[in-house]
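For the record, the sequence lines run as chains V and E.
Just add 176 to wherever you are in the first sequence, counting from 1, and you've got the numbering used here.
One point on numbering: in the numbering used here, the residue at position 117 of the second sequence is 116, and numbering is uninterrupted.
Each residue gets a CB set at the ideal place from its N, CA and C atoms; glycine is no exception.
Reading through the structure tokens given below for one structure.
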Amino acid sequence: MRSLSAPLDTSHHVATPEGVELNLRVAGPVPRALAWLIDLAWRLAALLVLAFVASVLGEVGTAVFLLSWFALEWLVPAYFESRSRGATPGKRAMGLMVVRDDGAPCTLGPALTRNLLRFADFLPLFYFGGLTAMLCNRQFKRLGDFVAGTLVVYADPATVARQIPTMEPLRPPIALKPEEARTVLDFAERAAALGPARAEELASLVTPLLRDNTPPVQQLTQYANYLVGHAAD
Amino acid sequence: MELEKIALVLRSRQGWEAVDLGFRMAMRWARPLWSAWFAVFLPVAGALTLAFYEQPIIAAVLVWWLKPLYDRYLLFVLSRAVFGATPTLRDTLGASRQILASGLIWSLLTRFIDFSRSFNLPVVALEGQRGPPARARRKLLGLRAGGFAIGLTIVCIHFEWVVMYGLHGLAMLFETDVQWGATVADDTRPWWDTFERWGLIDTLFYFVAISLIEPFYVAGGFALYLNRRVMLEAWDIELALKRLAARYAPTLAMLVAFSLTWHVAPALAQDAEAMPETESAGSMRLDASESDRDKPPCAADDECADAPYEAVDTPIRREAHRILSEPDFGSEREVTRWKRIESDAEETNDNDLQTSAFIDAVAELFRVIAYLAIAAIVVALLYALLRYWLGVAPTIVTKPPPAMLFGLAIDPQSLPEDVPAAARAMLATGQHREAISLLYRGALSNLVHTRRMRISKGATEGDVLRLAKPMLGEAPMSYLTILIGIWTQIAYAARMPDTARIVELCDGYSSLMPSEANA
């Protein structure tokens, strides 16, 4: 349990038995509502097409329509969520996915549970129950998520290679911890966007790490070049 | 603004994540936030409702129009809380003058067309910008966040409606005849005639809805604004660089004192320094692991080798026990289950017929079982008689003892006549490992083939010791313990004892295993 004084974040930490700490970024009601809207739109579109097809078939068509409506409402979303992406088309469009509480992929069982319990979240009208539940807990879980033991998290975006200005690499005077190295890399990547004055101000914060003869911003960028793997000297 | 005191994890978030952080902020500081909300909102809403008692929709519209008023108080609480100075209700109300002076009129006038209200509010209310500079600022901040801000507004409006309709739904569920206002249920007028239909209860539900959603909305917009500034001004980098500078100030002073140049900082020291949390803890940990490497858990030294190898106490073993005793490895938990309560006897009286049918079925089952049992006994008797009359003795297959154990050949044919002599010869030619291997194989062969110890193929060295204990005397047992201990060290840790120790083992072999000598 994180203490109250810990800095606030939307992440949910899971320690696996292998000793790996997973950092899941839990998604809140607003993106999830938009994902729901997108899902609603395609379900309605699919229903329209089905209605046209069914109208040709007569009375059998009515049965087919009702059955496929049921499937579309309750089973198809669960099917999407139990597949490898763990997301309905709406969730995928919003960059979300469903995982189990321990970070494992969502399987068919939990996916069915959370989808069937949408009914409970819908009560008394228009997902009032679900919205209230989401606003009352740190993991933004609706009732279905509680029962199924699932979380809706942001799917990790594809990693993009850092764009660091190429310079002659320079070894930092002291060993950097991983998060410190990441800071130096972040700085080198974003320095240009910050404007020269702010970049200079930031780089001067670590004056004890810098030598006198080169401008601070350039020197930190050189460290970054060393850190991304250009051989020194 | 003191960045060091910020109570948020600073990182670049994409838009919706920032909104989510805002929602979490509203949850975390719920108490000061909602107390400020109700302190301002309730008097205003109450007064307006009383004033427009006959036309409740006017009260609702006015309350809606005055939202920037309450929002400013919410923003005041949030902006202080985020930097670690959560204001009390008294602080907040005491700062009313400052809160209301910052462009409230402007906000009230523009709120009809401002679709990113909660995102723009900090620019006006906190930065105090007005006119063209404010517009330029909004444009700059809104470059990446504008779409999210508008989306947040639209979604939150719908959340309010969800709450309103949800409350109507609840009212319909619990009482169908709400007398004190027009409800959706018993109204025949068309739904688009909102102005006519809107009753006092709708106004009240609306108040509940905005009381629930508005703090989240303001916090979401404020978080978007903060996130945008974190990105633009690199707050996250500033904070991290300050920490970096602070952490290495002492190290650097030391480096300078020893007048080391930057480039000769030895690579090994770099790696070592980078790992531990603090200098002292790091060196302690490094020392511990170093001493472990020098002193193997069970090597040539006497007190170690004489002890049964399982019980050797080493720092690593202690560490392993400590870790295994942590709650991650095995814990207690309470499981609640539904348990069937035995039905009362009175109930069975009601359905005698069914009960007797059930008993009949059970009786039938037992009858079948009894027939089968009798048949089995008859067959067994017949078999025994046949064996007696015909003298057919069933062949009892005795398994020969295994020729291989742990991948080592242990049948007597594969071993030399005089094992210790052969081992000594190997030792003389420098084949230490082979010598001990031979002794070990000899010992296993003695146990399995001569003494007929039963051992499975999957047995471990520990199993061998356990199985051999009942059949060996004290002296042979301690010899076997030492031998297996040394062999394990060689086989799994590649730790070779010195030659004298191996010679000792060769000498001990014959004397401690008399039955081998006889065989």
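Tell me, which residues are paired with V/L200 by DSSP?
-> Along the first sequence, one-based indexing puts residue 200 of chain V at 24. DSSP output for V/L200 lists V/H188 as bridge partner(s).
Alpha carbon of V/L370 to alpha carbon of E/T91, nearest angstrom = Here the question's residue 370 of chain V lines up with position 194 in the first sequence. Here the question's residue 91 of chain E lines up with position 92 in the second sequence. Rounded to the nearest angstrom, the two C-alpha atoms are 35 Å apart.
With 8 Å set as the bound, which would you pick, yes or no: does the beta-carbon of E/K138 sit closer than that to a beta-carbon of chain V?
-> Taking the first residue of the second sequence as 1, we reach residue 138 of chain E at position 139. By this cut-off, E/K138 is not an interface position.
From E/P67 to E/E325, what does the alpha carbon distance come to, in whole angstroms?
-> Residue numbering aside, residue 67 of chain E sits at position 68 when the second sequence is read from its first letter. Residue numbering aside, residue 325 of chain E sits at position 326 when the second sequence is read from its first letter. Whole-angstrom Cα-Cα distance: 53 Å.
When you compare only the Cα positions, how much space is there between E/R10 and V/D278?
-> As a first step, residue 10 of chain E is located in the second sequence; it is residue number 11 there, counting from the start. As a first step, residue 278 of chain V is located in the first sequence; it is residue number 102 there, counting from the start. Each residue's Cα considered, the two are about 24 Å apart.
State yes or no: is the C-beta of V/L319 within less than 8 Å of the C-beta of V/L293?
-> Counting from one through the first sequence, the residue named residue 319 of chain V turns up at place 143. Counting from one through the first sequence, the residue named residue 293 of chain V turns up at place 117. Yes, Cβ-Cβ distance for V/L319 and V/L293 is below 8 Å.
Nearest neighbour of E/W28, chosen from E/P214, E/I153, E/L199 [CA to CA] = Counting from one through the second sequence, the residue named residue 28 of chain E turns up at place 29. Selected option, being the one with the closest Cα: E/P214.
Using a Cβ-Cβ distance under 8 Å, would V/R330 count as near chain E?
-> Indexing the first sequence from 1 puts residue 330 of chain V at position 154. Per the sequence shown, the amino acid found at residue 330 of chain V is Tyr instead of Arg. Yes - at least one Cβ of chain E is within 8 Å of the one on V/Y330.
V/F295 classed as buried or exposed, judged by whether at least 16 other C-beta atoms fall within 10 angstroms | Looking up residue 295 of chain V in the first sequence gives position 119. Its Cβ having fewer than 16 others within 10 Å, V/F295 is exposed.
Chain E beta carbons: is any one of them nearer than 8 Å to that of V/A364?
-> Translated into the one-based positions of the first sequence, residue 364 of chain V becomes position 188. No, its Cβ sits nowhere closer than 8 Å to a Cβ of chain E.
Check distances from the C-beta atoms of the segment 223-241 of chain E to those of chain V and list, in chain order, the residues that come in under 7 Å.
-> E232, A233, I236, E237, A239, L240, K241
Measure the C-alpha to C-alpha separation of E/M452 and E/L466 and round it to an integer number of angstroms.
-> Here residue 452 of chain E refers to the residue found at position 453 when the second sequence is read from its first residue. Here residue 466 of chain E refers to the residue found at position 467 when the second sequence is read from its first residue. Each residue's Cα considered, the two are about 7 Å apart.
Whose CA, out of V/V206, V/V393, V/A368, V/A373, lies closest to the CA of V/A379?
-> As a working mapping, residue 379 of chain V is identified with position 203 in the first sequence. That would be V/V393, whose Cα lies nearest to the Cα of V/A379.
7 Å Cβ shell around V/A230 - same chain, five flanking residues per side excluded | Residue numbering aside, residue 230 of chain V sits at position 54 when the first sequence is read from its first letter. Result list for V/A230: G237, T238, V240, F241, in chain order.
Let me know the secondary structure DSSP gives E/L285 once reduced to three states.
-> Translated into the one-based positions of the second sequence, residue 285 of chain E becomes position 286. For E/L285, the predicted model reports a pLDDT of 32, less than 50, meaning its position is unreliable; a value from the coordinates is still stated below. Helix at E/L285.
In angstroms with no decimal places, state the Cα-to-Cα distance between E/L231 and E/R143.
-> Walking along the second sequence from the start, residue 231 of chain E turns up at place 232. Walking along the second sequence from the start, residue 143 of chain E turns up at place 144. C-alpha separation (whole angstroms): 10 Å.
Mapping DSSP to helix, strand and coil, what is V/L386?
-> Your numbering for residue 386 of chain V matches position 210 in the first sequence. It is coil, neither helix nor strand.
Mind checking whether E/P400 and E/V447 have CB atoms under 8 Å apart?
-> Along the second sequence, one-based indexing puts residue 400 of chain E at 401. Along the second sequence, one-based indexing puts residue 447 of chain E at 448. The answer is yes: Cβ separation under 8 Å.
When DSSP labels each residue in this structure, what does V/Y414 get in the three-state scheme?
-> Since the displayed chain V opens at 177 and closes at 409, residue 414 of chain V lies outside it and no answer follows.
Check the Cβ of E/E16 against every Cβ in chain V and list those closer than 7 Å, keeping chain order.
-> To locate residue 16 of chain E, count along the second sequence from 1; it is residue 17. In chain order: T186, R201, Y330.
Terminal residues of the continuous beta strand (DSSP E) containing V/L272?
-> Working through the first sequence from its first residue, we reach residue 272 of chain V at position 96. Taken as a continuous stretch (DSSP letters only), the beta strand (DSSP E) holding V/L272 covers 272-276.
Within-8 Å CB hit, V/R268 to chain E | Counting from one through the first sequence, the residue named residue 268 of chain V turns up at place 92. It does not; no Cβ of chain E falls within 8 Å.
Could you tell me which chain V residues have their CB closer than 9 Å to the CB of E/R332, listed as they occur along the chain?
-> Position 333 of the second sequence, counted from the first residue, corresponds to residue 332 of chain E. By Cβ distance, chain V contributes nothing, its closest Cβ being about 15 Å from E/R332, past 9 Å.
Could you name the residues of the same chain whose beta carbon sits closer than 8 Å to that of V/P372, not counting the 5 residues immediately before and after it, in chain order?
-> Stepping through the first sequence from its first residue, residue 372 of chain V is reached at position 196. Cβ within range, chain order: V393.
Just checking my contact of V/L385 with V/P348 at CB under 8 Å: how many whole Å lie between their CB atoms?
-> Position 209 of the first sequence holds residue 385 of chain V. Position 172 of the first sequence holds residue 348 of chain V. Confirmed, about 7 Å.
Beta-carbon proximity of E/S101 to E/G127, cut-off 8 Å | Taking the second sequence and counting its residues from 1, the one referred to as residue 101 of chain E is at position 102. Taking the second sequence and counting its residues from 1, the one referred to as residue 127 of chain E is at position 128. Against a cut-off of 8 Å, the Cβ pair of E/G127 and E/S101 comes out as a contact.
Per-residue contacts from E/E27 into chain V (C-beta, under 7 Å) | Locating residue 27 of chain E in the second sequence gives position 28, where the first residue counts as 1. It should be pointed out that residue 27 of chain E corresponds to Arg in this sequence rather than to Glu. Per Cβ cutoff of 7 Å: L184.
What are the boundary residues of the alpha helix (DSSP H) that includes E/G219?
-> Position 220 of the second sequence holds residue 219 of chain E. Here the alpha helix (DSSP H) through E/G219 covers 199-232.
For the segment 377-461 of chain E, which segments carrying the alpha helix (DSSP H) assignment without a break, of at least 4 residues, lie completely within its bounds, in sequence order?
-> 418-427, 431-444
Backbone secondary structure at E/P55 - three-state DSSP | As a working note, residue 55 of chain E is residue 56 in the second sequence. Looking at E/P55 - three-state DSSP - the assignment turns out to be helix.
Spell out a yes or no on whether the segment 192-199 of chain V and the segment 135-150 of chain E are touching, meaning 3 or more CB-CB pairs, one atom from each, closer than 8 Å.
-> no
C-alpha gap between E/S106 and E/Y69, whole angstroms | Mapped onto the second sequence, residue 106 of chain E falls at position 107. Mapped onto the second sequence, residue 69 of chain E falls at position 70. Taking the straight line from one Cα to the other gives about 12 Å.
What residues from chain E crowd round V/E235, counting only those whose CB sits closer than 8 Å?
-> As a working mapping, residue 235 of chain V is identified with position 59 in the first sequence. Within chain E, no residue comes near V/E235; the closest Cβ sits about 33 Å away, beyond 8 Å.
Counterpart residues of V/P281 in DSSP-defined beta bridges = Here residue 281 of chain V corresponds to residue number 105 of the first sequence, with the count starting at 1. V/P281 pairs with V/V275.
CB of V/F304 within 8 Å of CB of V/M310, strictly = Position 128 of the first sequence, counted from the first residue, corresponds to residue 304 of chain V. Position 134 of the first sequence, counted from the first residue, corresponds to residue 310 of chain V. Contact: no.
Three-state secondary structure (DSSP) of E/F257 = As a first step, residue 257 of chain E is located in the second sequence; it is residue number 258 there, counting from the start. No answer about E/F257 holds up, because its pLDDT of 47 lies below 50 and its placement is not dependable.
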